[in-house]
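Mapping the sequence shown onto the numbering used here, position 79 (from 1) lands on 90, and the numbers just tick up by one. Okay, so here's the structure we're looking at.
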Amino acid sequence: NKPVVDRVLKLIESSEKYNREIEKLWNPITQFTTLVNRFFADNGKKLAIDEVGWLYVNIGDAIAPQPLDVLSSGERQLVVIFGHLAINREINRAGIFVIDEPEISLHLKWQEIFVESILAASPNNQFILATHSPAIVLDLDKRCVSLDSPVAKKGLIRA
């Protein structure tokens, strides 16, 4: 019986290894949908991905999934930004990501969690945000540089 038990144990080990590899492959996609759905939590929408990789939106108790066309411009903006940050393999290396006026089309509540979310999506990157919204930076003022500051005017800005 020992050879049979050894074979079964080897199959179980192979299956567990396979499952870990599949989970590793799905991690960026899971992170992407989790981050986007954090923003959608209050509006009854939920971004999902089907088994072949198509994005769709579930709205409330609606039976049929909806195409991305049902999203507002701010919601689409979030899907694009977080899709790029979470799924693009090239951006996972350290780099610089510039976002001009991220507050446009974003609800105030979304502005308040935006920076925290992009940092979670891509922690190895430096983000440069040009914004007019104090809600975007909230408690991050120690990491911010105003363009009116003497340091900025002399060109001495450091990350």
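Every residue, glycine too, gets a C-beta built ideally from N, C-alpha and C. Here the structure is a predicted model, which means the values were calculated and not measured.
Here residue 97 carries a helix assignment [DSSP, helix/strand/coil]. Take the alpha-carbon of residue 28 and the one of residue 147: they are about 42 Å apart.
Per DSSP, the unbroken beta strand (DSSP E) holding residue 68 starts and ends at 66-70. The way I'd put it, the region 84-99 doesn't touch the region 13-33; fewer than three beta-carbon pairs between them come closer than 8 Å. Relative to residue 132, the option among 155, 40, 157 and 79 whose CA is nearest is 40. A Cβ-Cβ separation of about 5 Å places residue 97 in contact with residue 42 under the 8 Å criterion.
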